[in-house]
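Below you'll find the structure, written out as structure tokens, and then a few comments.
There are 2 protein chains.
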Amino acid sequence: MAEGGGAGSAGGENLLFLTDEQLRKGIEAMFFAYRGFTADPDRILEARGYGRAHHRAIHFINRQEGQTVNTLLAMLGVTKQSLNRVLRTLIEDGLVESRVGRKDKRERHLFLTEAGRALERSLTEAQRGRMRAAYRTAGPEAVAGFRQVLEAMMDPDLRRHYQSMKDGGS
Amino acid sequence: MAEGGGAGSAGGENLLFLTDEQLRKGIEAMFFAYRGFTADPDRILEARGYGRAHHRAIHFINRQEGQTVNTLLAMLGVTKQSLNRVLRTLIEDGLVESRVGRKDKRERHLFLTEAGRALERSLTEAQRGRMRAAYRTAGPEAVAGFRQVLEAMMDPDLRRHYQSMKDGGS
DNA sequence: CTGTTTACGTCAGCCTTGTTGACTTTCCAA
DNA sequence: TTGGAAAGTCAACAAGGCTGACGTAAACAG
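Taken in order, these protein sequences are the chains called A and B.
Counting in the working numbering, the first sequence runs from 782 upward without gaps.
Counting in the working numbering, the second sequence runs from 782 upward without gaps.
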């Protein structure tokens with residue numbers, strides 16, 4: 782393998798896209814793009830006294846309602862103590878509800894309240910706005926490539942989390 | 782409005798790639814990929830008692846040797862107090878050298894020492910390793926798309942910084 | 001020459017968000 | 001029934017953002 786994976790037709794076999802300079806460019810692209818990626822939701826969060834950690838929690842609770850704290854932990858890759866602090870403020874502020882498990886009373890199942898869902902929507906919409914614009918500018922083929930490269934860049938464990946919630950409905 | 786910008790040939794006019802689900806997938810791809818992106822250098826840094834902030838400083842000093850503190854500040858988008866703390870430890874540890882400007886003596890020009898350059902190489906090599914693997918897996922066309930989307934996602938100001946240091950030789 | 005601006009550094013203090021360690025409560029298995 | 005494992009909470013610490021205030025030296029404008 783290594784022979785340029787799919788190597789469609791553009792670059793061909795010369796592997797020009799693997800030069801150190803190209804790789805450095807990719808690294809810096811990730812750095813600058815990630816800043817843009819988080820900028821819009823950050824503004825909304827700041828106005829309410831929250832940080833990125835709150836955003837992440839809200840996002841993943843929304844994605845899978847009724848999730849336990851442990852599941853969420855695995856997604857986020859932080860310690861339970863760290864998550865707990867964020868979670869506590871969200872619960873106090875009435876954005877998240879934590880229900881004791883019916884089968885296993887050690888577990889807490891997490892849900893967004895109406896207010897939580899509203900904040901989630903506004904955060905996601907802000908982030909989607911930029912993503913949508915970028916997608917539109919770049920076009921569908923570029924988007925496919927974008928997703929392929931990102932997926933290949935993930936740690937295998939995280940990639941499983943990513944893939945676990947499949948594309949659209951199906 | 783919004784009639785699909787470039788819309789090359791693949792997805793066509795249906796704009797399937799702009800559904801909310803596709804956008805959510807893109808958002809999560811960014812999130813998980815960025816974790817992978819920083820994981821390898823983070824391990825090296827931790828062993829030496831440094832953090833990501835040190836990595837960023839070293840990276841950008843290397844990219845443009847002799848840069849002033851102010852220029853670096855603009856790249857990194859942090860306050861001078863924040864940068865200074867990091868910079869001070871790097872200078873104390875002999876990884877970075879700060880020379881008073883010859884023309885304008887108020888300015889400090891930043892350089893990596895031999896030790897600094899060595900650390901920079903090991904950090905970059907770690908990060909490039911993953912990037913290279915991802916590029917190879919995805920292929921040159923995907924890489925082009927990846928870069929296009931990332932670039933479109935940047936804030937215009939940051940995009941200028943990104944573009945200012947052009948691709949390889951040329 | 002004088003006053004202002006610029007570039008840089010520093011001290012102090014705050015906040016978010018990561019960490020480890022110690023502790024309860026609950027479940028389950030020997 | 002008892003002991004360990006698992007889920008979650010509390011406490012304390014560190015990194016690295018931030019603001020604000022201040023100091024110094026050099027440059028520049030009048």
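Note that CB positions come from ideal geometry on N, CA and C, so glycine has one too.
If you're wondering where the values come from, they're calculated on a predicted model, not measured in any experiment.
CB contact check: residue i to chain A, cutoff 8 Å
i: B:D823; result: no
i: B:G817; result: yes
i: B:T918; result: yes
i: B:H836; result: no
i: B:G830; result: no
i: B:A933; result: yes
i: B:V930; result: yes
i: B:A907; result: no
i: B:H890; result: no
i: B:V924; result: yes
i: B:E809; result: yes
i: B:G786; result: With a pLDDT of only 39 at B:G786, under 50, the local geometry of the prediction cannot be trusted, and the value read off the model is given with reservation. Yes, its Cβ sits closer than 8 Å to a Cβ of chain A.
i: B:A814; result: yes
i: B:G858; result: yes
i: B:A820; result: yes
i: B:D936; result: yes
i: B:L799; result: yes
i: B:L864; result: no
i: B:L871; result: no
i: B:L868; result: no
i: B:L804; result: yes
Cut-off 6 Å between Cβ atoms - residues of its own chain near residue i, not counting five sequence neighbours on either side
i: A:A960; result: Only positions 782 to 951 of chain A appear in the structure, and residue 960 of chain A is not among them; the question remains open.
i: A:K886; result: none
i: B:R880; result: H890
i: B:P937; result: none
i: A:K861; result: L854
i: A:R909; result: none
i: A:F812; result: none
Cβ separation of residue i and residue j, assumed to be a contact under 8 Å, to the nearest whole Å
i: A:Y943; j: B:A919; result: Rounded, the Cβ-Cβ distance is 15 Å, inconsistent with contact.
i: B:N843; j: B:L893; result: 6 Å
i: B:G807; j: A:R928; result: 7 Å
Enclosing beta strand (DSSP E) for residue i [first to last residue]
i: A:E922; result: No beta strand (DSSP E) holds A:E922; the alpha helix (DSSP H) holding it covers P921 to M934.
i: A:N880; result: Looking at the sequence itself, residue 880 of chain A is Arg, so the reference to Asn does not match. Looking at the DSSP string, the run of the beta strand (DSSP E) that includes A:R880 is V877 to V881.
Any C-beta of chain B under 8 Å from that of residue i
i: A:D885; result: no
i: A:L826; result: no
i: A:R913; result: yes
i: A:L854; result: no
i: A:L939; result: yes
Bounding residues of the alpha helix (DSSP H) (the contiguous stretch that carries residue i)
i: B:V850; result: V850 to L857
i: A:R837; result: R833 to R844
i: A:L864; result: K861 to E873
i: A:F818; result: D801 to A828
i: B:R1017; result: Residue 1017 of chain B lies beyond the residue range present for chain B, which begins at 782 and ends at 951; the question has no answer from this structure.
i: A:L939; result: P937 to S945
Neighbourhood of residue i by C-beta distance below 8 Å, restricted to the same chain and skipping five residues each side
i: A:A838; result: L853, L857, L864, V867, L868, L871 and V877
i: A:A741; result: Residue 741 of chain A lies beyond the stretch modelled for chain A, which goes from 782 to 951, so this question has no answer here.
i: B:F841; result: Q848, L853, M856 and L857
i: A:M946; result: R844 and Q845
Own chain partners of residue i with C-beta closer than 7 Å, once the 5 adjacent residues on each side are dropped
i: B:E922; result: none
i: A:H836; result: P822, L826 and L904
i: B:G817; result: R911
i: A:V924; result: Y916
Closer than 7 Å: residue i CB and nearest the ligand PLP heavy atom
i: B:G920; result: The ligand PLP is absent from the structure shown, which contains no ligand whatsoever.
Worksheet item: Does the segment 795-810 of chain B come close enough to the segment 841-856 of chain B that 3 or more CB-CB pairs lie under 8 Å?
Response: Contact between the segment 841-856 of chain B and the segment 795-810 of chain B is absent: fewer than three C-beta pairs spanning the two stretches fall below 8 Å.
Worksheet item: Hey, is the segment 885-899 of chain A in contact with the segment 892-910 of chain B, meaning 3+ C-beta pairs nearer than 8 Å?
Response: no
Item to complete: Count the C-beta pairs between the segment 903-918 of chain A and the segment 929-941 of chain B that are closer than 8 Å, then say yes if the count reaches three, no if not.
Response: yes
Fill in: Touch test, the segment 819-835 of chain A against the segment 900-910 of chain A, Cβ-Cβ under 8 Å, three pairs minimum
Note that the segment 819-835 of chain A touches the segment 900-910 of chain A; at least 3 beta-carbon pairs, one per stretch, sit closer than 8 Å.
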